[in-house]
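Read the structure below first, then the notes.
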Amino acid sequence: MGKDCPSKGTKLSSGNHLFQKLWQSVKGAGNATKRADLRIFLPHKDTPLAKVEQEFVRLYDFYRPGLFAYFDFPTPVKTNSAMEQGIGQEKGRLRHRNSKANVSMQIRIRGEFELKQVYAGKDEVRAIIKRMGPLYSQ
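The number in this note's numbering is simply the position in the sequence shown, starting from 1, with 15 added.
Spelled out as C-alpha coordinates, the structure:
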(Lines of atoms letter the chains of each structure in order from A and count residues from 1; the text may use other names and numbers.)
(Lines give C-alpha, C1' and ligand atoms only; values in the text may rest on other atoms or scores of the structure.)
Protein backbone atom coordinates (compact mmCIF):
# COMPACT_ATOMS: atom_id res chain seq x y z
CA MET A 1 0.00 0.00 0.00
CA GLY A 2 1.47 3.39 0.88
CA LYS A 3 4.88 3.99 2.42
CA ASP A 4 3.49 5.21 5.76
CA CYS A 5 0.72 2.58 5.93
CA PRO A 6 1.02 0.17 8.87
CA SER A 7 1.07 -3.54 8.11
CA LYS A 8 -1.94 -5.83 8.33
CA GLY A 9 -0.61 -7.35 11.56
CA THR A 10 -0.16 -3.93 13.13
CA LYS A 11 -3.69 -2.89 12.22
CA LEU A 12 -5.18 -6.15 13.52
CA SER A 13 -3.23 -6.06 16.79
CA SER A 14 -4.32 -2.46 17.28
CA GLY A 15 -7.96 -3.49 16.70
CA ASN A 16 -7.57 -6.48 19.02
CA HIS A 17 -6.23 -4.23 21.77
CA LEU A 18 -9.02 -1.68 21.32
CA PHE A 19 -11.81 -4.25 21.31
CA GLN A 20 -10.29 -6.18 24.24
CA LYS A 21 -10.42 -2.95 26.28
CA LEU A 22 -14.01 -2.39 25.14
CA TRP A 23 -14.95 -5.97 26.05
CA GLN A 24 -13.44 -5.60 29.53
CA SER A 25 -15.58 -2.51 30.13
CA VAL A 26 -18.88 -4.17 29.05
CA LYS A 27 -18.23 -7.74 30.16
CA GLY A 28 -21.05 -9.08 32.35
CA ALA A 29 -23.74 -6.71 31.09
CA GLY A 30 -26.80 -8.70 30.08
CA ASN A 31 -25.30 -11.93 31.55
CA ALA A 32 -22.61 -12.11 28.82
CA THR A 33 -19.43 -13.30 30.53
CA LYS A 34 -17.68 -14.70 27.42
CA ARG A 35 -17.47 -13.33 23.92
CA ALA A 36 -19.10 -16.54 22.69
CA ASP A 37 -22.21 -15.59 24.72
CA LEU A 38 -22.82 -12.51 22.58
CA ARG A 39 -25.81 -12.83 20.24
CA ILE A 40 -27.23 -10.60 17.52
CA PHE A 41 -30.12 -8.35 18.50
CA LEU A 42 -32.19 -5.54 17.05
CA PRO A 43 -31.33 -2.33 18.89
CA HIS A 44 -33.98 0.21 19.81
CA LYS A 45 -33.62 3.80 20.93
CA ASP A 46 -33.76 2.72 24.57
CA THR A 47 -31.13 -0.06 24.26
CA PRO A 48 -28.47 0.33 26.97
CA LEU A 49 -25.07 1.58 25.81
CA ALA A 50 -23.30 -1.50 27.18
CA LYS A 51 -25.49 -3.77 25.02
CA VAL A 52 -24.63 -1.73 21.89
CA GLU A 53 -20.93 -1.86 22.76
CA GLN A 54 -21.21 -5.63 23.18
CA GLU A 55 -22.68 -5.76 19.69
CA PHE A 56 -19.62 -3.87 18.39
CA VAL A 57 -17.38 -6.47 20.03
CA ARG A 58 -19.43 -9.30 18.50
CA LEU A 59 -19.26 -7.71 15.04
CA TYR A 60 -15.49 -7.21 15.35
CA ASP A 61 -15.02 -10.87 16.27
CA PHE A 62 -17.24 -11.95 13.38
CA TYR A 63 -15.60 -9.77 10.69
CA ARG A 64 -12.00 -9.90 11.99
CA PRO A 65 -10.82 -12.69 9.59
CA GLY A 66 -11.75 -10.53 6.59
CA LEU A 67 -10.54 -7.18 7.90
CA PHE A 68 -7.67 -5.66 5.92
CA ALA A 69 -7.82 -8.55 3.42
CA TYR A 70 -6.67 -6.13 0.72
CA PHE A 71 -3.13 -6.49 2.13
CA ASP A 72 -3.15 -10.04 0.73
CA PHE A 73 -4.02 -8.90 -2.80
CA PRO A 74 -1.21 -8.34 -5.30
CA THR A 75 -0.40 -4.71 -6.00
CA PRO A 76 -2.23 -3.65 -9.17
CA VAL A 77 -0.14 -2.79 -12.22
CA LYS A 78 -0.52 0.75 -13.46
CA THR A 79 -2.18 0.76 -16.87
CA ASN A 80 -2.15 4.46 -17.59
CA SER A 81 0.49 4.21 -20.28
CA ALA A 82 1.52 6.99 -22.65
CA MET A 83 -0.84 5.58 -25.29
CA GLU A 84 -3.82 5.65 -22.91
CA GLN A 85 -2.93 9.19 -21.86
CA GLY A 86 -2.87 10.21 -25.52
CA ILE A 87 -6.28 8.68 -26.14
CA GLY A 88 -7.61 10.53 -23.10
CA GLN A 89 -6.23 13.82 -24.44
CA GLU A 90 -7.81 13.19 -27.84
CA LYS A 91 -11.17 12.50 -26.22
CA GLY A 92 -10.72 15.65 -24.14
CA ARG A 93 -10.24 17.71 -27.30
CA LEU A 94 -13.43 16.25 -28.77
CA ARG A 95 -15.34 16.97 -25.56
CA HIS A 96 -14.10 20.55 -25.64
CA ARG A 97 -15.13 21.05 -29.27
CA ASN A 98 -18.53 19.38 -28.97
CA SER A 99 -19.40 20.57 -25.46
CA LYS A 100 -20.70 17.08 -24.70
CA ALA A 101 -19.50 14.54 -22.16
CA ASN A 102 -20.30 11.49 -24.29
CA VAL A 103 -18.24 11.75 -27.48
CA SER A 104 -18.28 8.10 -28.58
CA MET A 105 -20.47 8.86 -31.63
CA GLN A 106 -18.23 11.79 -32.61
CA ILE A 107 -15.18 9.54 -32.35
CA ARG A 108 -16.81 7.08 -34.75
CA ILE A 109 -17.88 9.79 -37.20
CA ARG A 110 -15.02 12.30 -37.03
CA GLY A 111 -12.26 10.44 -35.19
CA GLU A 112 -9.91 9.98 -38.13
CA PHE A 113 -10.21 13.64 -39.15
CA GLU A 114 -9.48 14.82 -35.61
CA LEU A 115 -6.41 12.59 -35.44
CA LYS A 116 -5.15 13.84 -38.79
CA GLN A 117 -5.63 17.41 -37.66
CA VAL A 118 -3.68 16.80 -34.45
CA TYR A 119 -0.88 14.55 -35.72
CA ALA A 120 -0.52 15.23 -39.44
CA GLY A 121 0.52 18.86 -39.36
CA LYS A 122 -0.86 21.81 -41.30
CA ASP A 123 0.90 21.07 -44.58
CA GLU A 124 -0.29 17.47 -44.71
CA VAL A 125 -3.86 18.52 -43.85
CA ARG A 126 -3.78 21.11 -46.67
CA ALA A 127 -2.56 18.43 -49.10
CA ILE A 128 -5.35 16.07 -48.03
CA ILE A 129 -7.95 18.82 -48.46
CA LYS A 130 -6.60 19.62 -51.95
CA ARG A 131 -6.90 15.97 -52.96
CA MET A 132 -10.51 15.91 -51.78
CA GLY A 133 -11.57 18.27 -54.52
CA PRO A 134 -12.38 21.88 -55.33
CA LEU A 135 -15.33 22.15 -52.93
CA TYR A 136 -13.10 21.57 -49.89
CA SER A 137 -10.19 23.80 -50.94
CA GLN A 138 -12.15 27.04 -50.79
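Even glycine gets a Cβ: it sits at the ideal position worked out from N, Cα and C.
Residue i, DSSP secondary structure in three states
i, result
"A135", "coil"
"I55", "coil"
"T90", "coil"
"F71", "helix"
"F34", "helix"
"D19", "coil"
"A142", "helix"
"F77", "helix"
"L27", "helix"
"K106", "helix"
Inter-residue spacing [alpha-carbon to alpha-carbon] between residue i and residue j
i, j, result
"P80", "G101", "43 angstroms"
"I55", "R73", "8 angstroms"
"S119", "L109", "9 angstroms"
"K106", "R125", "11 angstroms"
"T90", "K66", "40 angstroms"
"N173", "P58", "Lying outside 16 to 153, the shown extent of the chain, residue 173 is not represented and no answer is given."
"L33", "K93", "36 angstroms"
"T48", "D76", "15 angstroms"
"Q35", "D19", "26 angstroms"
"A51", "G24", "23 angstroms"
"F128", "N113", "14 angstroms"
"R146", "D87", "60 angstroms"
"E99", "I122", "15 angstroms"
"A97", "L130", "16 angstroms"
Rounded distance between the beta-carbons of residue j and residue i, thought under 8 angstroms
i, j, result
"L27", "F71", "Not quite, the Cβ-Cβ distance comes to about 16 angstroms (not below 8 angstroms), so this is no contact."
Of the residues the options, the one placed nearest residue i, counting alpha carbons only
i, options, result
"Y78", "G45, N31, Q121 and Y134", "N31"
"Q69", "W38, T62 and Y134", "W38"
"P21", "K60, A116, L64 and Y85", "Y85"
"Q104", "V133, K115 and R123", "V133"
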